[in-house]
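Enquirer: Before I ask anything, here is the structure I am working with.
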Amino acid sequence: MEICTDYLNYDNSYKSNYIKNNSLIKIGNPSIETLYQNIMNDVDIVLTELCVSPKKNGFRYWKDAVFIVLLNDKSQIQICKEVYPVIAKKYGKSPMSVERAMRACFESVMYSIAKKEQTLITSFMKSSLLFPHNSELLCRITELISSHNFQREKQNSAYYAYQI
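The working numbering puts the sequence shown at residues 141 to 304.
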């Protein structure tokens with residue numbers, strides 16, 4: 141996957157919104173390592189808030205999937221043809237096993253989300269978790285972490301404590 145280093149030329153993409161809302165624009169063109177670390181921390185915050193266990197295989201796959209979608213320059217990405225194969229190759233698995241592991245992460249979450257206290261993350265993700273589809277969840281998580289509200293909430297609350 142070729143990653144372009146000219147991040148700021150893509151208006152209204154997840155990537156440009158993420159960089160702008162995360163105040164990374166102040167440091168010029170952020171490096172891939174900086175973006176990767178920030179995105180992984182944000183995905184950790186979201187998945188932890190949704191009670192997804194880090195011990196599940198799919199947890200790592202979700203982090204990689206959000207990173208791939210966030211840095212992709214296309215307006216739409218085909219999860220089965222573009223995301224699963226990249227992750228499967230990275231971990232030496234089949235694309236089907238990656239899909240199943242990612243789906244399994246949210247099977248227990250959809251039952252516990254109704255009992256959880258309403259936060260920005262749970263209220264944003266609630267409708268997607270009723271009947272989870274990986275593509276919809278991936279889109280919602282990516283939208284959430286690239287939003288201004290999430291970045292502001294992260295800096296002003298206990299979410300900040302989750303960061304590594």
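The C-beta atom is built at its ideal place from N, Cα and C for all residues, glycine as well.
Only a predicted model underlies this, so the values are computations on that prediction, with no experimental measurement involved.
To the nearest angstrom, how far is the alpha carbon of Gln-291 from that of Thr-188?
Expert: Working through the sequence shown from its first residue, we reach residue 291 at position 151. Working through the sequence shown from its first residue, we reach residue 188 at position 48. Each residue's Cα considered, the two are about 16 Å apart.
Enquirer: Rounded to whole angstroms, what's the CA-CA distance from Ile-217 to Asn-296? Just pull it up for me.
Expert: Within the sequence shown, residue 217 is the residue found at index 77, counting from 1. Within the sequence shown, residue 296 is the residue found at index 156, counting from 1. Ile-217 and Asn-296: Cα-Cα distance of roughly 32 Å.
Enquirer: Taking buried to mean at least 16 other C-beta atoms within 10 Å of its own C-beta, is Ile-219 buried or exposed?
Expert: As a first step, residue 219 must be located in the sequence shown, where it is residue number 79. With 16 or more Cβ atoms within 10 Å of its Cβ, Ile-219 is classed as buried.
Enquirer: How many angstroms separate the CA atom of Ser-193 from the CA atom of Met-242?
Expert: Locating residue 193 in the sequence shown gives position 53, where the first residue counts as 1. Locating residue 242 in the sequence shown gives position 102, where the first residue counts as 1. Each residue's alpha carbon lies about 12 Å from the other.
Enquirer: Would you please state the rounded distance, in angstroms, between the beta carbons of Val-183 and Lys-203? I believe it to be under 8 Å.
Expert: What you label residue 183 is simply residue 43 of the sequence shown in a count that begins at 1. What you label residue 203 is simply residue 63 of the sequence shown in a count that begins at 1. Yes, they are in contact, since the Cβ atoms of Val-183 and Lys-203 sit about 5 Å apart, within 8 Å.
Enquirer: Taking the CB atoms as reference points, tell me whether Ile-172 and Ala-205 lie closer together than 8 Å.
Expert: Here residue 172 refers to the residue found at position 32 when the sequence shown is read from its first residue. Here residue 205 refers to the residue found at position 65 when the sequence shown is read from its first residue. No; because the gap between Cβ atoms is not below 8 Å, this pair is not in contact.
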